[in-house]
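J.:
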Amino acid sequence: MIELDINGTKRSVDAEADTPLLYVLRDHLAMNGAKFGCGLGQCGACTVMVDGEAVFSCMTPVSVLAGRKIRTIEGLGTVEQPGALQRAFIDEQAAQCGYCIAGMIMRAQALLEKNSSPSDAEIRRHMMPNLCRCGTHMRIVKAVRRAAQTMRAEADKPKSAGQT
Amino acid sequence: MSIKVVRALSVSRRRFLAAGGSLVIGFSLSPKALFAQGSPAATKLPGSLNTTPMIDSWIRLGADGSITVLTGKAELGQGVRTALIQIAAEQLFVQPGKIQLITADTRRTPDEGYTAGSNSMKDSGTAIMNAAAQVREILIARAAVRLGLSADKLKAEDGAVIVSDGRRIAFGDLVGGELTRVRAESQIKLKDPASYTVVGHSMQRVDIPAKVTGGAAYVQDLRLPGMVHARVVRPPAYGAQLRELQSASVEKMPGVLKVVHDGSYVAVVAEREFDAIRAMRALAAAARWDERALLPEPSELFDYLTRLPYDSFIDADNHATTAGVTKTVEANYRRPYQMHGAIGPSCAVGLYKDDSLTVWTHSQGVYPLRKSIAEMLKLPEDRVQCIHPEGAGCYGHNGADDAGADAALIARAFPGRPVRVQWMREQEHLWEPYGPAMMTAAKASLDGGGNIVDWEYEVTSNTHSTRPGGAGNLMPAWHLAIPFTPPQPKPIPLPEGGGDRNAIPYYKIPSVRVVHRFVPSMPIRVSALRALGAYANVFSIESFMDELALAGRTDPVEFRLRHLEDPRAREVVTLAASRFGWSSYAPDKGRGRGFAFARYKSLGAYLAVALEVDVDRETGKVRVVRAVATVDSGQAVNPDGIRNQVEGGVLQSISWTLLEAVSFDKKSITSADWSQYPILRFPELPDTVEVHVVDRPGQPFLGTGEAAQGPTAAAIANAVAAASNVRIRELPLDRKRVKVALGV
Amino acid sequence: MTARGVASFLILAAGVAATSWAADVAPTAKPAADQSMADSTLIARGAELAAIGNCASCHTHPEGKSFAGGRPIKTPFGTLYSTNITPDNETGIGKWSAEDFLRAMHDGVAPGRRNLYPAFPYDHFTRLTDNDVEAIYAFVMTREPVRLTAPPNQLAFPMNLRSALSVWKVLFLERGAYRPDPQQDAEWNRGAYLVEGLGHCGACHTPRNAMGAEEHTRDFDGGQSEGWDAPALNSSSPAPSAWTAEQLYAYLRQGRDENHGTAVGPMKPVVDNLSQVPESDVRAIARYVAWRMNRGQLVRVAATSSDSAQTVIGDGEAIFRGACASCHEAEASGGPIRSGRTVPLSLTTSVNAPDARNAIHIVLEGIWPDAGEKGAFMPPFEGAFTEQQLAALLGYVRSRYARGPAWSDLPKQVRAIMHTGQKQ
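Line by line, the protein sequences are chains A, B and C. This note's numbering puts the first residue of the first sequence at 251, with every later residue one more than the last. This note's numbering puts the first residue of the second sequence at 2, with every later residue one more than the last. This note's numbering puts the first residue of the third sequence at 29, with every later residue one more than the last.
In structure tokens:
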């Protein structure tokens with residue numbers, strides 16, 4: 251049994267040490283966000299975050315993940331309450347088939363947590379490992395930019411009285 | 002108006018209806034429609050109503066007010082689900098959110114063939130628009146009877162029939178217990194497009210929220226109770242035969258439930274997905290194959306294709322006396338094999354139970370797949386059901402149908418539990434049917450005024466459809482001990498065309514001769530890739546138009562307009578040029594502009610592209626800096642959906658045109674993954690891509706999805722020529738080719 | 029740079045500052061570099077020579093125009109920015125005469141008596157014949173002019189003083205053309221000329237002293253470049269199987285040799301360039317380098333099982349099985365990468381090198397083909413592993429595949445590269 255911290259929840263998983271995280275998420279834990287795209291680290295459809303960095307879950311064996319913080323797109327928000335990037339992808343209609351999008355959002359999230367106002371060039375460089383085949387790239391870049399704006403605006407807001 | 006109410010609904014059909022009574026309505030209506038689509042002949046019904054005329058095949062109302070719309074088309078990421086909902090909502094006068102749309106399913110929806118050819122709006126959109134209008138009229142008529150008023154005192158509004166005095170009857174209350182089933186009428190009173198509130202207005206796609214939050218959105222996400230996982234071991238190359246397979250140790254691996262072995266067909270079933278992958282790898286390592294060198298020498302591919310036997314089809318042969326020829330220009334163009342390259346490898350789930358098979362598949366054609374699988378398994382068709390959940394974008398005939406066949410074969414070998422099989426990346430790259438390599442030859446003459454007076458064009462191509470028309474088109478069936486073999490390929494006839502799609506120029510030219518050299522024999526597996534032959538033909542014709550404009554010393558846009566009569570064509574051309582700033586363009590060093598236009602299939606969407614490229618003379622690297630596209634898809638349903646599709650088409654075509662070619666050696670395909678078949682990545686994007694939609698309210702839907710592929714390719718080649726004075730006629734315009742052409 | 033090195037440099041620099049006797053060069057008039065007049069054969073030869081000289085790698089920003097400069101070059105003394113060598117009159121070398129260009133190449137002096145930093149390897153280019161410099165000049169001056177000014181260099185005192193470079197030159201610049209060795213045949217001499225001169229291989233593969241000059245007593249003993257180790261090209265080569273000229277040719281021409289590995293890091297653009305030059309030149313380079321490597325007795329550390337990394341090997345093996353084996357044991361594992369596409373780890377230079385630096389870089393950054401190009405690929409594992417995990421993985425790989433002893437400072441080096449932003 252391996253204990254994993256996924257989106258802040260401890261999950262015990264009965265998987266062999268060399269099992270890539272992707273299959274634990276999808277198969278053992280029935281989570282849809284991370285997608286199988288290549289199993290080679292070439293396309294980024296499986297991208298999740300580990301300790302704040304974007305990683306290919308198809309290449310990351312669960313044995314290295316004990317005690318580390320895993321985030322998937324399920325941890326960013328829901329249809330009812332989407333996170334800033336999810337909201338921005340909806341607002342920009344930044345999907346066609348959408349298969350790559352969860353990975354795109356997770357890679358973008360890792361960027362925005364380090365750089366709250368990336369330039370277009372920085373966004374493009376950062377997103378390089380992730381492939382989109384439908385040609386949604388321009389909208390994806392716009393959505394990341396839009397989310398960065400929202401996140402900055404949120405961060406600038408004075409905390410309301412009730413909040414600690 | 003006379004209303005016919007027909008009682009007919011089978012028990013099996015009833016199963017799928019919402020709780021409560023249902024009303025399925027049809028009616029006969031005198032043909033007084035003011036806004037009828039197209040020009041229906043007396044016997045021809047609009048869109049797919051022509052093949053599926055019963056209204057209850059398309060629209061069902063529940064007593065609870067629920068509205069179910071059915072389409073035989075599939076959501077492929079092109080946004081058709083949302084557009085069809087918009088169309089139905091508009092004609093029914095309901096909020097789009099009230100409509101549940103069911104897509105391709107052989108037990109539930111109409112048979113609309115394939116979701117392909119940019120035909121979904123024309124086929125299904127038109128059918129649903131008319132069916133919805135017919136349903137709305139019958140609801141009004143029913144309410145009129147109930148209220149004792151004449152129908153013209155009533156109107157539909159927000160899911161109800163209302164009277165001017167404020168009385169209203171919800172649609173659900175009009176349903177009653179009686180079930181109705183009638184034929185569609187050929188001419189229905191459609192809503193005045195000027196009063197549209199949903200159609201023609203951008204609507205957020207209904208499928209996107211789940212896709213961005215990790216909801217179940219794809220066949221890959223399907224998790225049925227008791228489901229197990231399978232993987233297939235493919236031969237290392239076309240034609241390879243399994244010589245030896247020691248599978249005993251694999252059968253003992255943890256989690257392995259079964260090894261399926263039938264001739265050269267090998268698969269494994271396991272409880273867990275990664276167990277199946279481990280076992281697949283072990284099987285692959287254990288398998289011994291006999292391989293033969295069957296492929297042509299890559300450097301001689303085009304000579305090889307030229308030497309194969311072919312059938313000639315004369316697509317056009319109009320002669321006019323040509324006088325005053327001052328200049329004749331000739332050019333040959335080539336396009337390599339190119340890949341669909343779905344980001345998600347193909348996947349399907351099969352369940353074989355009680356001698357019946359259900360396959361969940363992202364095939365573009367559930368009905369043809371059902372027929373093919375039934376043939377492969379020797380089952381009656383009614384024992385096979387194919388249901389379409391979404392997959393990753395396919396852009397044509399990729400591995401989807403074959404994965405469906407895998408699921409069928411493995412599920413039959415492992416009955417009782419649902420079996421999910423997904424391909425590995427290298428399987429998708431190596432086994433999908435590619436877009437065919439093509440060659441074209443163009444020759445034309447100009448008169449003293451710089452007008453084209455004659456035009457000869459020849460296109461050489463394999464087939465552009467090996468879609469399942471039977472078990473022989475399912476690749477897994479080739480590997481069985483008793484194999485199925487692919488049928489003799491056939492060309493797709495014009496006006497749609499296959500290799501000759503868009504081979505006839507859309508320009509006014511007195512003498513035109515177009516020949517399609519159809520090559521039946523295929524060294525490499527090919528089939529339909531987005532736009533089919535139109536990609537290479539429009540690349541050729543629109544490159545050639547620039548070469549002719551240059552020969553006639555005319556501006557390329559001006560030259561096209563001079564030969565374009567159709568005012569809608571002229572409008573997209575003029576608009577693209579003006580939005581791009583064509584007339585005031587002043588390039589920086591190493592930059593150039595390019596233009597191209599086509600009307601897809603000569604009967605679909607009008608699309609023009611103007612773009613700017615940057616050519617690095619030292620490396621040969623080309624980057625599209627900015628692109629402007631204008632599109633007229635007829636009545637625009639979801640303008641932002643059209644923009645999204647065209648934007649995607651432009652970017653995908655940039656990738657095809659600058660980077661992509663399937664590579665192979667004499668034994669096997671070598672483009673096994675993305676490192677050996679590179680596609681566009683973020684740093685290579687244009688700075689901007691603009692799409693302008695020319696809406697044509699009330700005009701027929703023309704479709705959008707494939708219209709940008711050809712024009713973008715030609716516009717890039719034209720821009721590279723403008724930037725560097727070098728005309729490149731072979732795709733892709735990759736770094737090496739461009740650098741060689743540029744020289745030192 | 030060591031403290032002692034800085035001190036000695038300061039003294040020397042102070043001693044000459046007043047006289048500034050170097051760079052007694054007056055700018056000459058701009059030549060008539062008319063493209064239509066230029067000899068196309070000369071330009072073509074210049075193109076090949078510029079490729080062998082790997083000029084574009086340094087003089088091109090990753091997202092910029094070829095030869096327009098602006099690429100940051102990190103040195104132990106600070107960051108330099110490569111100059112624009114396109115023929116733009118204001119920001120490039122458009123106003124340079126052939127003589128100006130020759131002086132820059134041979135003496136490291138630009139018009140205006142500006143001493144050039146030896147990151148521009150004129151200590152090698154000084155070996156070039158005047159004819160070859162002329163060809164490179166003809167090539168460079170017929171490129172597209174690009175208007176681009178590189179950012180100012182960020183160097184600490186005293187390295188920011190160009191005058192100080194005069195001293196450096198006195199100490200370390202041996203001017204003069206290559207002198208052929210009459211004992212050797214023409215191909216050998218061609219190889220030596222290209223390796224020692226234009227190819228400036230020693231700039232990376234020879235260790236440098238505290239003042240940034242190559243230590244010629246240790247030619248090709250292995251150096252550093254952009255945070256990567258440039259392995260020794262002499263008898264200290266870490267390659268477990270001795271390089272033959274034929275293998276070196278394959279490696280330099282195609283970027284890969286199945287007995288040694290794939291060109292990565294700063295070597296990748298070198299081999300990309302060498303794929304475009306005359307085959308005979310690459311064969312000559314390969315011949316000469318193979319000669320240098322095998323001239324001495326090959327001394328190999330006998331294969332031993334590591335005894336230092338025992339505590340972590342168990343973890344390392346599990347990580348290897350999960351993250352690496354499907355490709356690196358393709359043959360046995362039936363994995364996605366076909367046999368022949370990966371070089372056996374036991375043969376690769378990075379795994380057998382005395383130092384783990386390159387192996388760390390490769391695992392963290394992966395191997396990417398250039399944008400839009402086919403090529404060798406390995407996924408980057410940055411973020412996937414903790415320091416301890418990466419050290420365990422590499423300790424396992426080293427003990428299992430390499431002939432040498434365990435990397436002694438592995439955890440420290442992993443930490444340094446993961447946390448000090450040494451990766452490029």
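C-beta: ideal position from N, C-alpha, C; glycine also.
#1: Flag this pair as yes or no: are the beta carbons of B/Thr631 and B/His693 separated by less than 8 Å?
#2: Mapping DSSP to helix, strand and coil, what is B/Gly595?
#3: Kindly indicate which three-state DSSP category A/Gly385 falls into: helix, strand or coil?
#4: What does B/Gln242 pair with, by DSSP beta-bridge criteria?
#5: If we require 3 or more residues per run, which beta strand (DSSP E) segments fall completely within the region 87-165 of chain C?
#6: Nearest-angstrom Cα distance between B/Ser654 and B/Ala709?
#7: Ordered along the chain, which non-local residues of its own chain (more than five positions away) have a Cβ less than 6 Å from that of A/Ser262?
#8: Express the C-alpha separation of B/Ala280 and B/Ala217 in angstroms, rounding to a whole number.
#9: Quick check on this structure: which residue in B/Ile453, B/Leu681, B/Ser584 has the alpha carbon closest to the alpha carbon of B/Arg624?
#10: Counting only the same chain and skipping the five closest in sequence on each side, list residues whose C-beta sits under 6 Å from that of C/Ser436.
#11: Could you check the C-alpha separation between C/Asp135 and C/Val223 for me, to the nearest Å?
#12: Does the Cβ of C/Phe185 have 16 or more other Cβ atoms within 10 Å, making it buried, or fewer, making it exposed?
#13: Check the Cβ of C/Arg349 against every Cβ in chain A and list those closer than 7 Å, keeping chain order.
#14: Within the 8 Å Cβ cut-off, does C/Val53 reach chain B?
#15: Go ahead and pull the three-state DSSP assignment for A/Lys392.
#16: Sort B/Thr467, B/Leu562, B/Ile493 by Cα distance to B/Lys509 and report the nearest one.
#17: Pick out the complete beta strand (DSSP E) segments inside the region 352-422 of chain B, 3 residues or longer, and give them in chain order.
#18: Tell me the rounded alpha-carbon separation between B/Ile483 and B/Tyr266.
#19: Residues of chain A with CB closer than 7 Å to the CB of C/Ala96, please, in chain order.
#20: For C/Ala399, tell me which candidate among B/Glu429, B/Val260, B/Phe172, B/Thr620 has the shortest Cα-Cα distance.
#21: Near C/His89, which residues of its chain fall below 6 Å by C-beta distance, leaving aside the five closest residues on each side in sequence?
#22: Could you name the residues of the same chain whose beta carbon sits closer than 8 Å to that of C/Tyr300, not counting the 5 residues immediately before and after it, in chain order?
#23: Within 10 Å of its beta-carbon, does B/Val663 have 16 or more other beta-carbons around it, so buried, or fewer, so exposed?
#24: For B/Ser347, does the three-state DSSP call read helix, strand or coil?
#25: Indicate the three-state DSSP secondary structure (helix, strand or coil) for B/Lys156 in the structure shown.
#26: Taking any Cβ of chain A, which residues in the region 664-696 of chain B have a Cβ under 7 Å from it, in chain order?
#27: Have a look at C/Leu261, C/Leu189, C/Glu202, C/Gly230 and flag the residue whose alpha-carbon is nearest the alpha-carbon of C/Leu108.
#28: Under 8 Å between the Cβ atoms of C/Tyr424 and C/Ser374?
#29: Establish whether the CB of A/Gln336 and some CB of chain B are separated by less than 8 Å.
#30: Count the other C-beta atoms from every protein chain shown that fall within 10 angstroms of the C-beta of B/Pro310, then say buried if there are 16 or more, exposed otherwise.
#31: Within 10 angstroms of the Cβ of B/Asp193, are there 16 or more other Cβ atoms? Answer buried if so, exposed if not.
#32: Drop a sphere of 10 angstroms on the beta-carbon of B/Asp633, count the other beta-carbons inside from all chains shown, and report buried for 16 or more, exposed for fewer.
#33: Tell whether a beta-carbon distance below 8 Å holds between B/Leu296 and B/Phe665.
#34: Within 10 angstroms of its Cβ, does A/Gly385 collect 16 or more other Cβ (buried), or is it exposed?
#35: How should C/Gln211 be labelled, buried or exposed, when 16 other C-beta atoms within 10 angstroms of its C-beta is the threshold for buried?
#36: So the alpha helix (DSSP H) C/Ser308 belongs to, where does it begin and stop?
T.: Considering the structure as presented:
#1: Reading the second sequence from its first residue, position 630 is the one you call residue 631 of chain B. Reading the second sequence from its first residue, position 692 is the one you call residue 693 of chain B. For B/Thr631 and B/His693, yes; Cβs fall inside 8 Å.
#2: Taking the first residue of the second sequence as position 1, residue 595 of chain B is located at position 594. B/Gly595 falls in the strand class under three-state DSSP.
#3: For the purposes of this step, residue 385 of chain A is taken as the residue at position 135 of the first sequence. Looking at A/Gly385 - three-state DSSP - the assignment turns out to be coil, as it is neither helix nor strand.
#4: One-based indexing of the second sequence puts residue 242 of chain B at position 241. Paired residues: B/Asp291.
#5: Correct list: 100-103, 106-109.
#6: Along the second sequence, one-based indexing puts residue 654 of chain B at 653. Along the second sequence, one-based indexing puts residue 709 of chain B at 708. If I take the Cα positions, the gap works out to 7 Å.
#7: On the first sequence, residue 262 of chain A is found 12 positions in, with the first residue counted as 1. Result list for A/Ser262: Met251, Glu253, in chain order.
#8: Position 216 of the second sequence holds residue 217 of chain B. Position 279 of the second sequence holds residue 280 of chain B. If you take the alpha carbons of B/Ala217 and B/Ala280, they lie about 27 Å apart.
#9: Numbered from its first residue, the second sequence carries residue 624 of chain B at position 623. Ranking B/Ile453, B/Leu681, B/Ser584 by Cα distance to B/Arg624 puts B/Leu681 first.
#10: In the third sequence, counting from the first residue as 1, residue 436 of chain C sits at position 408. Taking C/Ser436 as the centre and dropping the five residues before and after it, the same chain places no C-beta closer than 6 Å to its C-beta.
#11: As a first step, residue 135 of chain C must be located in the third sequence, where it is residue number 107. As a first step, residue 223 of chain C must be located in the third sequence, where it is residue number 195. Each residue's Cα considered, the two are about 19 Å apart.
#12: The sequence position of residue 185 of chain C within the third sequence is 157, counting from 1. Counting Cβ neighbours within 10 Å, C/Phe185 comes out exposed, since fewer than 16 surround it.
#13: Counted from its first residue, the third sequence places residue 349 of chain C at position 321. Here the neighbours are Asp268.
#14: Numbered from its first residue, the third sequence carries residue 53 of chain C at position 25. Below a pLDDT of 50, predicted positions are generally treated as unreliable, and C/Val53, at 44, falls in that range; no measurement from the model is reported.
#15: As a first step, residue 392 of chain A is located in the first sequence; it is residue number 142 there, counting from the start. The answer is helix: DSSP assigns A/Lys392 an H, G or I state.
#16: Numbered from 1 along the second sequence, position 508 holds the residue referred to as residue 509 of chain B. For the residues B/Thr467, B/Leu562, B/Ile493, the minimum Cα distance to B/Lys509 belongs to B/Leu562.
#17: 357-362, 385-388
#18: Here residue 483 of chain B refers to the residue found at position 482 of the second sequence. Here residue 266 of chain B refers to the residue found at position 265 of the second sequence. Each residue's alpha carbon lies about 10 Å from the other.
#19: In the third sequence, the residue the question calls residue 96 of chain C occupies position 68. Those within 7 Å of C/Ala96 in chain A number zero; the least Cβ separation is about 16 Å.
#20: In the third sequence, residue 399 of chain C corresponds to position 371, counting from 1. Here the closest residue by C-alpha is B/Thr620.
#21: Working through the third sequence from its first residue, we reach residue 89 of chain C at position 61. Gly98, Arg99.
#22: In the third sequence, residue 300 of chain C corresponds to position 272, counting from 1. The sequence as given places Asp at residue 300 of chain C; Tyr does not occur at that position. Excluding positions up to five away in sequence, the list reads Gly283, Asp398.
#23: Here residue 663 of chain B refers to the residue found at position 662 of the second sequence. Result: buried.
#24: Locating residue 347 of chain B in the second sequence gives position 346, counting from the first residue. DSSP, reduced to helix, strand and coil, places B/Ser347 outside both helices and strands of the structure shown, so it counts as coil.
#25: Along the second sequence, read from residue 1 onward, the residue named residue 156 of chain B stands at position 155. In this structure, B/Lys156 counts as strand in the three-state DSSP scheme.
#26: Asp674, Trp675, Ser676, Ile680, Arg682, Phe683, Pro684, Leu686, Val690
#27: Translated into the one-based positions of the third sequence, residue 108 of chain C becomes position 80. The closest CA to that of C/Leu108, considering only C/Leu261, C/Leu189, C/Glu202, C/Gly230, is found on C/Leu189.
#28: Indexing the third sequence from 1 puts residue 424 of chain C at position 396. Indexing the third sequence from 1 puts residue 374 of chain C at position 346. Not in contact: C/Tyr424 and C/Ser374 (Cβ atoms no closer than 8 Å).
#29: On the first sequence, residue 336 of chain A is found 86 positions in, with the first residue counted as 1. For A/Gln336, the answer is yes, since a Cβ of chain B falls inside 8 Å of its Cβ.
#30: Your numbering for residue 310 of chain B matches position 309 in the second sequence. Looking at its Cβ environment, which holds fewer than 16 other Cβ atoms inside 10 Å, B/Pro310 is exposed.
#31: Along the second sequence, read from residue 1 onward, the residue named residue 193 of chain B stands at position 192. Taking all protein chains shown into account, B/Asp193 has fewer than 16 neighbouring C-beta atoms within 10 Å of its C-beta and is therefore exposed.
#32: On the second sequence, position 632 is the one that residue 633 of chain B refers to. It counts as buried.
#33: Locating residue 296 of chain B in the second sequence gives position 295, counting from the first residue. Locating residue 665 of chain B in the second sequence gives position 664, counting from the first residue. Result yes, Cβ atoms of B/Leu296 and B/Phe665 sit closer than 8 Å.
#34: Taking the first sequence and counting its residues from 1, one reaches residue 385 of chain A at position 135. By the 10 Å Cβ count, A/Gly385 comes out buried.
#35: Start at 1 with the first residue of the third sequence, and residue 211 of chain C comes out as number 183. The Cβ neighbour count for C/Gln211, taken over all protein chains shown within 10 Å, is under 16; the residue is labelled exposed.
#36: If you number the third sequence from 1, residue 308 of chain C lands on position 280. C/Ser308: member of the alpha helix (DSSP H) spanning 307-323, first to last residue.
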